[in-house]
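66 is the number that the UniProt record's numbering gives to position 66 of the sequence shown; each next residue is one higher, with no gaps. C-beta: ideal position from N, C-alpha, C; glycine also. Report on the following structure.
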Amino acid sequence: MKNMEVFKVSVSQQVLDDLKSRLQNTRWPGEAEGSGWHFGTSEAYLKELVQYWLTSYDWRKQEAELNKYPQYIADVNGVKVHFQYIKGKGKNAKPLILTHGWPDSYYRFHKIIPLLTEGEQGFDLVIPSIPGFGFSGKVAMTSEAVADLWKELMTENLGYDKFYAAGGDVGMGVTKALASKYPDVVSGVHFTDVGYPMGQEDPATMSEAEKQFAQFVQQWWYSEGAYAMVHATKPQSLAYGLNDSPTGLAAWILSFGSAGASPEILEAAFGGRDALLTNIMIYWTTQTIATSMRMYKADAIAQWGGAQPLQKSKVPAGVALYPREAQFPKEWAERFVNVVSFRKMSEGGHFAALEVPDSFATELRSFFYSID
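This is the structure:
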């Protein structure tokens, strides 16, 4: 291992005291009578969550949990990359890098760490914070640029000749780029989503199932996709409010989370109320909501600037489709990756590693140990 130093999460009491003051002094906007979640995040629910945040949530306890596993800061091509690195206990553990998305963080995977590092079919887990997120450097990069960093981190900083990769949401784009650009060192990849129709596809090349999927995505985009359009066009305008108000930050993150889960199961979809708040706290304490949203802009600029699309890779790919994800057909996935395993899961959603960690860990182990 080289160009690395040990890291511990340590938030000053001053930051926590300031947070408490801001939460206590929230200026509530009011909501339309009976609006519930139809206009965005429910104020009634958010008031309850903020009260819990103030009186019951224990950051120091969560901070100790975050420090339970080894963490490092690496200099990767001049970029500060924070990551957890947990060696598997088996003799032939496979190196596996897991990439989170938005609005979650590296914390997405904390429940599956013990599940994937135990036993003979285990993994050396590398769980980084994408630059611009959490404890990594505050720089927004394209998904392809992050993939370049991950390749350097795994092969140069950590010294692996070959490795495996998995990711969802933003992490899907990074993982897809890894497979496309570095098939000589990436032995297998796994996804929980593979991208969405953007209206530029030729309908004549699409199956009936793909056309139905495209229609669903278009409807979803109009009802739930505002966050992505704002991030890709005016992220800085939004960042001032979210970086200044923890209640506002929570509302924006919850607004996205509720798109994939009914309000009744929202907390469970994030892995529980404490897990939900810990994820929000990582954004708040590091002040990275601005740079995390700016990644959408970086990817949009690359796409609008005429960047060549990634070539489909021959790297073996596994896909697990959870019931509360957009239900894309297998042939849609096959457009982008070399699908050798396509499984429809029985429960879970966008944050499967938090919500259904046992089945998610079983799926990863089963797939990666089946392709050798």
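{"Item": "Coarse secondary structure for threonine 41, derived from DSSP in three states", "Value": "coil"}
{"Item": "Which of helix, strand or coil DSSP assigns to proline 128", "Value": "strand"}
{"Item": "Three CB pairs or more closer than 8 Å across the stretch 295-312 and the stretch 64-80", "Value": "no"}
{"Item": "Run of the beta strand (DSSP E) containing aspartate 184, from where it starts to where it stops", "Value": "Element bounds for aspartate 184: n/a, residue is neither H nor E."}
{"Item": "Span of the beta strand (DSSP E), counted from its first residue to its last, around proline 323", "Value": "Taken as a continuous stretch (DSSP letters only), proline 323 belongs to no beta strand (DSSP E), as it is neither H nor E."}
{"Item": "Given phenylalanine 109 as reference, the closest of Gly119, Glu120, Leu249, Leu96 once Cα atoms are compared", "Value": "Leu96"}
{"Item": "Other residues of its chain near glutamine 84: CB distance less than 6 Å, five sequence neighbours each side excluded", "Value": "Tyr69, Gln71, Ile127"}
{"Item": "Proximity winner among Glu325, Pro323, Met198, Lys151, relative to glutamine 303 (alpha-carbon distances)", "Value": "Met198"}
{"Item": "Straight-line Cα distance separating serine 105 from threonine 192", "Value": "16 Å"}
{"Item": "Helix, strand or coil at proline 316 [DSSP, three-state]", "Value": "strand"}
{"Item": "Strand pairing of glutamine 287, partner residues [DSSP]", "Value": "Paired residue(s): none; glutamine 287 is not in a bridge."}
{"Item": "Where leucine 46 falls, given that 16 or more other Cβ within 10 Å makes a residue buried", "Value": "buried"}
{"Item": "Buried or exposed by the 16-neighbour rule on C-beta atoms within 10 Å, applied to glutamate 33", "Value": "exposed"}
{"Item": "Nearest-angstrom Cα separation, counted from serine 292 out to valine 15", "Value": "20 Å"}
{"Item": "Neighbourhood of glycine 349 by C-beta, 8 Å cutoff - its chain only, sequence neighbours within 5 removed", "Value": "Gly260, Ala261, Ala269, Tyr322, Pro323, Arg324, Glu325, Glu355"}
{"Item": "Lysine 94 - DSSP class collapsed to helix/strand/coil", "Value": "strand"}
{"Item": "Segment contact, 8 Å Cβ cut-off, at least three pairs: the stretch 241-255 with the stretch 277-292", "Value": "yes"}
{"Item": "Proximity below 8 Å, CB of methionine 141 to CB of glycine 132", "Value": "yes"}
{"Item": "Helix, strand or coil at phenylalanine 123 according to DSSP, with G and I counted as helix", "Value": "strand"}
{"Item": "Rounded Cβ spacing between lysine 344 and asparagine 157 (contact assumed at less than 8 Å)", "Value": "About 37 Å separates the two Cβ atoms, so there is no contact after all."}
{"Item": "Best match in Val189, Arg273, Gly30 for proximity to alanine 333 [C-alpha to C-alpha]", "Value": "Val189"}
{"Item": "Beta-carbon proximity of valine 11 to threonine 247, cut-off 8 Å", "Value": "no"}
{"Item": "Counterpart residues of methionine 141 in DSSP-defined beta bridges", "Value": "Its beta-bridge partners do not exist; DSSP assigns none."}
{"Item": "Local conformation of glycine 171 per DSSP, three classes", "Value": "helix"}
{"Item": "Environment of arginine 365 [buried if 16+ CB atoms lie within 10 Å]", "Value": "buried"}
{"Item": "Close beta carbons around phenylalanine 367, own chain, < 7 Å, minus the five adjacent residues each side", "Value": "His190, Gly318, Ser341"}
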